[in-house]
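Taking it in order: structure first as structure tokens, then the write-up.
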């Protein structure tokens, strides 16, 4: 067994030196032995000229896999530098779904050039068909390479027919069975075929209980079905149940990761998907929207405090706890909305009503609110011996925590009912609203207690 | 093909009525046709008595799969209600890794009872061996069911030997090859075996380039290897490269999801993994720690403002923008730390130094800081015609944004270098620190400008 390859800085440095020395043989020798995913990782970090030089030393099949594995932004830049013919040669070796993804990243003009250079016209047609599906549908994610047999065959016929089909299919997980009309009627495992004698009939092998998805289904839904039923591949059919393609678990892993990353960034107030390797401009642009919402919240907060300027002039110590009230409202709101957003993302069947969720959050907020208020009361009393301020802050705190908890629970539920992504609620909106309302509560309670 | 089963409230209600009527046949008929994952989902939401009644109507094999699919907290409660014999019967049908997971959830006393009831003593031994591995290692996650052949065999021998082994293995992805010492030396696909003639030698079939992991490797690292190389299964070996088991992608999907959920909750200030279905106490306990950190931050904030009480007494309008300064520091800190945390989680090879990351964040913070300060300057000038306050707030804002951005970048990098989970930095710590430092900056700049 080969020692597992460790990508390290020394290796990359050595490679760069080969490039600058123009040593084609050395590069060929040390790169073609690597896994395409490792080569892609190297191309992701060297500069464009170096990447092109290395890429052109690769065997054709490896080059095509490397192209698939590159990071999207690197690939985009990279493909601008390659000719349509070079891209088409790589496309010829790809699975149709990867090919479609990659061609869609090109300009319309270059797409046409690449299409005209693709030698396998069937492949070109499948790619064009996949590109017609809307983004984020099962159709856009499926591969048209799969193994399919007829229900009238026997095992021997299957094996000889599969020898032809299997060339195009990198991983065979299951064999699909269709009838005369190409309607999906069942499937069986490679294992059962291996153990069957040549004259066993397909109809005695296959199971009719097949989970399938429609080409128009949302890919995130496909992901949760595959996850729930522990499927490695799922067939994709059209409205008439004709078999169109299959989606494999490695794509779903990417979908799930993307989804998680998106939710995470949304909760952190980043409005579009960015990576630390993106440009300063891209990152700034993705982060500015939340800051502007925060700025608006701050201005509204200033307005609220301004209303109580007189109160503050008389009792300036009330200003001390403004940050505490604002921060706690934001914190509780983020916590409660995060729990709802996650439960909305995971549960397909949830018997709890909005009312029961609010009741539960009321319980949680009450417990935590009481704990925090009691603590802050004694801290203020102990540190400042100010009973009145202690009462104001601790009463406000529990009120703010209750409000923030319920509001943080309600908003994502309402958004989700209106088919808006509930994760939107976790970031800017909840925090800002809770800041402003929290201040209002604080000064109103202060007004009642002090005057 | 069977219509895909839609779990809905009506169905569950009907089932509950069958239970209360004690109609065993009706339950048997409508439940055993379902997929175990669907049955588990039903048991997750009905009450314990109903769940037990339904569970006892299941065929033995289905019952064991349902037990695996139940939510952890439901299963724990559920297993307390089952006898050791009932659990052992289910364990007999499970893959070793699922069995080990489930037994570990029992009390030590009940574990012993269950072990003594397991009929297949080999199965009991494998389970005990798996339970000896530390949590979150590859060893704890692997299944000991896999297909292994000797390098001296031919294809015909493989098939007849595999007929025996394959009974225990639900999904065969690859066939592993070992030598006399049971050392893993290669693997080949089921597809290549299917197409080989009976007298083809194993040594002409197998590839020696096998990615494997050690039993002591961390499961999250295993996940990123499988993801990177698009693997459906990976063999697990010991220090001497003896083959011990395999990890399949469905487990990794769970690992990745758990990891994402944990990071998400950490960023939202929830300190242990909770679900919306957990008890009010559990949720409160998971949320209280951040609130206490926030409370401490609020008290420190009060101390800082208290230092400038005199300044605030003379210029009470400075209090208006306390929430804005505090909120913006927190927001920027969360954004910048989130980007670093994600890049640390994804990139295995990162050439960027701490210095270059800080330089980039400086650029981003400068752009967004400038944008926000210019806006707030004109807002304050326009709304309040107060040039001095406008200057104070806008200067402080850009200083706070720069500080928060750099601090938010630095903290997760430092934590990660010290092998502490950098996600810890995204929630309470960064926000609280930034609140306090932000206030200090604001009042110091105010002091310079006003006095």
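Protein chains in written order, with the numbering used here: chain A, 1 to 451; chain B, 1001 to 1451. Glycine included, each C-beta is placed from N, C-alpha and C at the ideal position.
- State yes or no: is the C-beta of residue 1364 of chain B within less than 8 Å of the C-beta of residue 56 of chain A? no
- Query: Excluding sequence positions up to five away, which residues of its chain have a Cβ less than 8 Å from the Cβ of residue 76 of chain A?
  - Reply: 105
- Could you pull the start and end residues of the alpha helix (DSSP H) that residue 1082 of chain B belongs to? From DSSP, residue 1082 of chain B is part of no alpha helix (DSSP H); its letter is neither H nor E.
- Task: Assuming residue 117 of chain A contacts residue 84 of chain A (C-beta within less than 8 Å), just tell me the rounded distance between them.
- Result: 5 Å
- Spatial neighbours of residue 1348 of chain B in its chain, beta-carbon cut-off 6 Å, leaving aside the 5 residues before and after: Note that residue 1348 of chain B scores 48 on pLDDT, short of 50, meaning its location in the model is unreliable; the coordinates nonetheless yield the value given after this. Once the five neighbours on either side are set aside, residue 1348 of chain B has no close Cβ partner at all.
- Okay, do the region 1314-1329 of chain B and the region 1376-1391 of chain B touch, 3+ Cβ pairs below 8 Å being the bar? yes
- Message: Assuming residue 1262 of chain B is part of the alpha helix (DSSP H), what are its boundary residues?
- Response: 1249-1267
- Using CA coordinates, which residue listed in B/1130, B/1119, B/1441, B/1194 is at the minimum distance from residue 1099 of chain B? B/1130
- CA nearest to the CA of residue 230 of chain A, picked from A/211, A/245, A/206: A/211
- Query: Who are the near neighbours of residue 1113 of chain B in its chain, counting only those whose CB is closer than 7 Å to its CB and skipping five residues on each side?
  - Reply: 1084
- Task: Please name the residue in A/90, A/280, A/177 whose C-alpha comes closest to that of residue 67 of chain A.
- Result: A/90
- Task: Starting from residue 1372 of chain B, find everything on chain A with Cβ-Cβ shorter than 7 Å and list it in chain order.
- Result: 291, 295
- As assigned by DSSP and simplified to three states, the class of residue 392 of chain A: helix
- Task: Could you check the C-alpha separation between residue 81 of chain A and residue 133 of chain A for me, to the nearest Å?
- Result: 28 Å
- Let me know the secondary structure DSSP gives residue 271 of chain A once reduced to three states. coil
- Message: Taking the straight line between their C-alpha atoms, what separation do you get for residue 1107 of chain B and residue 195 of chain A?
- Response: 42 Å
- So which residues on chain A does residue 1412 of chain B lean against when the C-beta distance must stay under 8 Å? Simply none; closest approach about 11 Å.
- Message: If you follow the alpha helix (DSSP H) that residue 1318 of chain B is in, where does it begin and where does it stop?
- Response: Taken as a continuous stretch (DSSP letters only), residue 1318 of chain B belongs to no alpha helix (DSSP H), as it is neither H nor E.
- Message: Quick check on residue 1264 of chain B - is its C-beta less than 8 Å from some C-beta in chain A?
- Response: yes
- Identify the continuous beta strand (DSSP E) that holds residue 187 of chain A and give its terminal residues. 184-189
- Could you please tell me which residues of the region 1024-1036 of chain B, in chain order, have their CB closer than 7 Å to any CB of chain A? 1035
- Interfacial residues, the region 1315-1336 of chain B to chain A, with Cβ spacing under 9 Å: 1316, 1317, 1318, 1319, 1320, 1321, 1322, 1323, 1324, 1325, 1326, 1327, 1328, 1330, 1331, 1332, 1334, 1335, 1336
- Item | Local Cβ density within 10 Å of residue 215 of chain A, reported as buried at 16 or more and exposed below that | buried
- Message: At the 8 Å Cβ level, is residue 1368 of chain B part of the contact set with chain A, yes or no?
- Response: yes
- Task: Would you mind giving the Cβ-Cβ distance between residue 1207 of chain B and residue 1188 of chain B, rounded to the nearest angstrom? I have them listed as a contact below 8 Å.
- Result: 6 Å
- Report yes or no: is there a C-beta of chain A within less than 8 Å of the C-beta of residue 1387 of chain B? no
- Status (buried if at least 16 other CB within 10 Å, exposed otherwise) for residue 1313 of chain B: exposed
- Query: In the DSSP assignment, what residue or residues form a beta bridge with residue 176 of chain A?
  - Reply: A/148, A/187
- Check the Cβ-Cβ distances between residue 382 of chain A and every residue of chain B, and say whether any is below 8 Å. no
- Message: On the CB-based measure, 16 or more other CB atoms within 10 Å of its CB, does residue 166 of chain A come out buried or exposed?
- Response: buried
- Residues that DSSP places opposite residue 137 of chain A in a beta bridge: A/218
- Along chain B, in chain order, which residues have C-beta atoms closer than 7 Å to that of residue 195 of chain A? 1163
- Item | Continuous alpha helix (DSSP H) assignments of at least 4 residues falling wholly in the region 1002-1043 of chain B | 1009-1021, 1024-1031
- Task: Could I get the ranges of all uninterrupted alpha helix (DSSP H) runs contained in the region 274-310 of chain A, with 4 residues as the minimum, in chain order?
- Result: 280-307
- Item | C-alpha gap between residue 433 of chain A and residue 409 of chain A, whole angstroms | 13 Å
- Three or more beta-carbon pairs under 8 Å between the region 1253-1270 of chain B and the region 1421-1432 of chain B, yes or no? yes
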